[in-house]
Amino acid sequence: MHRRHAAASLVALVFACSVQLGKCVLSFQHQLPAELQGLRSNYTCAPLEAGQHPDHRVCFFKNLLVFNGSLVYLGPDARSIPTINTEYWLGGELQDWLTNFTSIDLLEPRPQHVVTINKAVLTDWPFYHNYFHVFAEYLPSLHNVLCKYWNDCTFDPHTDLDILLLTPGISSNHSRDAVSTDAARCMTAKPISAISTTVNNTHTAVLIKDAIAGWGPECRADHWHCLPWKYRRPPSTEIMELWRQRVGDCIGFDWDRSVQSSPPTIVVIDRQWNASRHIININHVMATLESNYPRAQVELHYLEGLNLKQQAMIYNRASIVLWVHGASMANLIFLPRRAVGLHIVPRPHIQENLDWPEELVRDLSHEVKLIHINNTGPDLLPLKTSRITLDWTYRGLNETEKLAIWEEGECLDSLKRPMDENDTSTSPDTVHHYCEEFWFKTNTDIVLNMTAVIPVIDSLFQDYFPSLPGDSQVVPAHIKGHVGLTKMIPQSGSVPSKVKQSSHGHR
Numbered sequence: 216m217h218r219r220h221a222a223a224s225l226v227a228l229v230f231a232c233s234v235q236l237g238k239c240v241l242s243f244q245h246q247l248p249a250e251l252q253g254l255r256s257n258y259t260c261a262p263l264e265a266g267q268h269p270d271h272r273v274c275f276f277k278n279l280l281v282f283n284g285s286l287v288y289l290g291p292d293a294r295s296i297p298t299i300n301t302e303y304w305l306g307g308e309l310q311d312w313l314t315n316f317t318s319i320d321l322l323e324p325r326p327q328h329v330v331t332i333n334k335a336v337l338t339d340w341p342f343y344h345n346y347f348h349v350f351a352e353y354l355p356s357l358h359n360v361l362c363k364y365w366n367d368c369t370f371d372p373h374t375d376l377d378i379l380l381l382t383p384g385i386s387s388n389h390s391r392d393a394v395s396t397d398a399a400r401c402m403t404a405k406p407i408s409a410i411s412t413t414v415n416n417t418h419t420a421v422l423i424k425d426a427i428a429g430w431g432p433e434c435r436a437d438h439w440h441c442l443p444w445k446y447r448r449p450p451s452t453e454i455m456e457l458w459r460q461r462v463g464d465c466i467g468f469d470w471d472r473s474v475q476s477s478p479p480t481i482v483v484i485d486r487q488w489n490a491s492r493h494i495i496n497i498n499h500v501m502a503t504l505e506s507n508y509p510r511a512q513v514e515l516h517y518l519e520g521l522n523l524k525q526q527a528m529i530y531n532r533a534s535i536v537l538w539v540h541g542a543s544m545a546n547l548i549f550l551p552r553r554a555v556g557l558h559i560v561p562r563p564h565i566q567e568n569l570d571w572p573e574e575l576v577r578d579l580s581h582e583v584k585l586i587h588i589n590n591t592g593p594d595l596l597p598l599k600t601s602r603i604t605l606d607w608t609y610r611g612l613n614e615t616e617k618l619a620i621w622e623e624g625e626c627l628d629s630l631k632r633p634m635d636e637n638d639t640s641t642s643p644d645t646v647h648h649y650c651e652e653f654w655f656k657t658n659t660d661i662v663l664n665m666t667a668v669i670p671v672i673d674s675l676f677q678d679y680f681p682s683l684p685g686d687s688q689v690v691p692a693h694i695k696g697h698v699g700l701t702k703m704i705p706q707s708g709s710v711p712s713k714v715k716q717s718s719h720g721h722r
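If you count the sequence shown from 1, you need to add 215 to reach my numbering.
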């Protein structure tokens, strides 16, 4: 009986389809939510400036959809959208992520629900997990775009902005590390989201009413990453001043104060032992600083576990901050005007290691004095033996190459061979790069050579700080002759009483 009724119904439905096919099609599908019916996308682009590379344009979109892992443009003019770089280093383009439907009626499957975003920035952060790249590069570059093109220049805790990452591979369950830090809250109180989190969600579409995409001709990053170099320039001094103000107002520290050097505060930033580039003779370092500068406040800090405001307050009271090369150099933004940064450089022959902090200080424009201190040599860079000797790449080296690493602290030229012997690309990853980047950078500790550090600080107290306005009462260096060791040895003993141990993720 049921089968007869079903058959009769099917015949009636087929007959109806033959008369009114369009209505039949709609009866099989979910009705589009009212917000999406008849929806069309459109775009405009800012005019190119003199000398601006055409790929570096900034464009504005209306009525985009994020649906089932795709960024959807609805309209027949999608092919006319020009190239828009959404990532200034690796050259990602908006077109890489854009899916086009000439009509909303062609969207399959049909969403049943709609979430509306009023205003969004579309961007790609391949290194979203790294604190330095997020806080010292992506966010100030984003601030420049929003300030220049949307007149969004100051901190607004009630902003309606969403930051939507085009970067693939970010799932809703994946730890977003630096993306989830306090730093992003200086741009928006909303959590940063990613298109990839909508994969396999065929029920809900996200409607973006207004969106902006593209970095423009300015780039706040070292020139190695602001590609192509000859078309890039750093943001203006005025916009970077507004960036520092935005961060100060967001986090709650005095972004415009000048350094206090009477009495001075010397801040040493170290990493935990289980991280890379831990100062293993830290007790000797602190004792030496305290004995040479008894009227200075000498502080030791570990940043792991601290929120951004706690970190800002540490740096903001420093006259001198000493740190080993790493992502914590993003915190130079917190230093008062005319403070000094002592950058301990384990591998100074790698120009990038010097350019990163130099160009950051240049762009921040708050007159911080940056000094690089060479701390290289096999006795000053003890490698983490167990990690390296278990590395399959290391096991593939010959004995000469291995001895050069342990006895000379060098990655020999013979290592400039492809990691993969079948890699025929023009710029293959090499064993030499792996040696520098992953063994001597992320699998080493530091024995800090204080015979190189103390003369630098003496010179600052004798010549630099007294020359600053209002520093006629600067504390003189307490010089003791600095009888140092030619080879530093980890010192035993308790942590000095003045040491303030505080404990941000990976640096």
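Where is the CB? At the ideal position from N, CA and C, for every residue including glycine.
Endpoints, beta strand (DSSP E) assigned at residue i
{"i": "Glu574", "result": "Run containing Glu574: none in the beta strand (DSSP E); it sits in the alpha helix (DSSP H), Gln566 to Leu579."}
{"i": "His358", "result": "First-last for His358: Leu354 to Trp365, but that is the alpha helix (DSSP H), not the beta strand (DSSP E)."}
{"i": "Asn531", "result": "That residue, Asn531, is in no beta strand (DSSP E); its alpha helix (DSSP H) goes Leu523 to Asn531."}
{"i": "Ser285", "result": "Ser285 to Leu289"}
{"i": "Ala335", "result": "His328 to Thr338"}
{"i": "Tyr258", "result": "Asn257 to Cys260"}
{"i": "Thr604", "result": "From DSSP, Thr604 is part of no beta strand (DSSP E) but of the alpha helix (DSSP H) over Thr600 to Thr604."}
{"i": "Ile481", "result": "Thr480 to Asp485"}
{"i": "Ile588", "result": "Lys584 to Asn589"}
{"i": "Gln512", "result": "Gln512 to Tyr517"}
{"i": "Trp488", "result": "No beta strand (DSSP E) holds Trp488; DSSP gives it neither H nor E."}
{"i": "Asn278", "result": "Cys274 to Phe282"}
Residue environment, residue i, which counts as buried when at least 16 other CB atoms sit within 10 Å
{"i": "Gln526", "result": "buried"}
{"i": "Gly307", "result": "buried"}
{"i": "Pro450", "result": "buried"}
{"i": "Ala249", "result": "exposed"}
{"i": "Ala351", "result": "buried"}
{"i": "Met311", "result": "For clarity, residue 311 is Asp in the given sequence; the question names Met instead. Exposed: under 16 other Cβ atoms inside 10 Å."}
{"i": "Thr503", "result": "buried"}
{"i": "Leu330", "result": "Contrary to the premise, residue 330 reads as Val rather than Leu in this sequence. With fewer than 16 Cβ atoms within 10 Å of its Cβ, Val330 is classed as exposed."}
{"i": "Ser256", "result": "buried"}
{"i": "Pro551", "result": "buried"}
{"i": "Asn496", "result": "buried"}
{"i": "Asn345", "result": "buried"}
{"i": "Ser318", "result": "exposed"}
{"i": "His499", "result": "buried"}
{"i": "Asn590", "result": "buried"}
Sequence-distant residues of the same chain with beta carbon closer than 8 Å to residue i, five excluded per side
{"i": "Glu567", "result": "Asp437 and Trp439"}
{"i": "Val576", "result": "Leu547, Gly556, Val583 and Leu585"}
{"i": "Arg602", "result": "Asn658"}
{"i": "Thr645", "result": "Leu630, Lys631, Arg632, Pro633 and Met634"}
Host alpha helix (DSSP H) of residue i (start-end)
{"i": "Tyr303", "result": "No alpha helix (DSSP H) contains Tyr303, which DSSP labels as neither H nor E."}
{"i": "Glu616", "result": "Glu614 to Leu618"}
{"i": "Glu505", "result": "Ile497 to Asn507"}
{"i": "Asp673", "result": "Met665 to Ser674"}
{"i": "His648", "result": "Val646 to Tyr649"}
{"i": "Trp607", "result": "Trp607 to Arg610"}
Any non-hydrogen atom of the ligand MN closer than 7 Å to residue i Cβ
{"i": "Ile319", "result": "Looking at this structure, you won't find the ligand MN or any other ligand, since it has none at all."}
Close Cβ partners of residue i (< 6 Å) along its chain, the five nearest in sequence each way excluded
{"i": "Ile454", "result": "Asn359 and Cys362"}
{"i": "Trp538", "result": "Ile484"}
{"i": "Gln267", "result": "Pro432"}
{"i": "Ser674", "result": "none"}
{"i": "Tyr353", "result": "Trp340"}
{"i": "Pro643", "result": "Pro633"}
{"i": "Arg532", "result": "Thr480"}
{"i": "Ala409", "result": "Leu380 and Ile385"}
Own chain partners of residue i with C-beta closer than 7 Å, once the 5 adjacent residues on each side are dropped
{"i": "Lys277", "result": "Ser256, Asn257, Lys424 and Asp425"}
{"i": "Trp725", "result": "Outside the displayed span of the chain (216 to 722) sits residue 725, for which this structure offers no information."}
{"i": "Leu309", "result": "Ile299, Thr301, Leu337 and Ala428"}
{"i": "Phe342", "result": "His348"}
{"i": "Met528", "result": "Phe468"}
Across the stretch 507 to 517 and the stretch 471 to 489, are there enough close Cβ pairs to call them in contact, namely three or more that are closer than 8 Å? Segments in contact, yes.
Can you find at least 3 beta carbon pairs, one from the stretch 283 to 291 and one from the stretch 404 to 420, that sit closer than 8 Å? Taking 8 Å as the limit for Cβ pairs, the verdict is that the stretch 404 to 420 does touch the stretch 283 to 291.
Continuous beta strand (DSSP E) assignments of at least 3 residues falling wholly in the stretch 403 to 472: With a minimum length of 3 residues, the continuous beta strand (DSSP E) runs that stay inside the stretch 403 to 472 are 419 to 428.
Pairing CB atoms from the stretch 632 to 644 with CB atoms from the stretch 466 to 475, are three or more of them under 8 Å? No, the stretch 632 to 644 does not touch the stretch 466 to 475.
Sufficient close CB pairs (3 or more, under 8 Å) joining the stretch 313 to 321 to the stretch 496 to 514: A contact between stretches requires three or more CB pairs, one per stretch, nearer than 8 Å, and the stretch 313 to 321 fails this requirement with the stretch 496 to 514.
Would the stretch 666 to 681 count as touching the stretch 463 to 470 if we require 3 or more Cβ pairs under 8 Å? Counting Cβ pairs under 8 Å, fewer than three are found: no touch.
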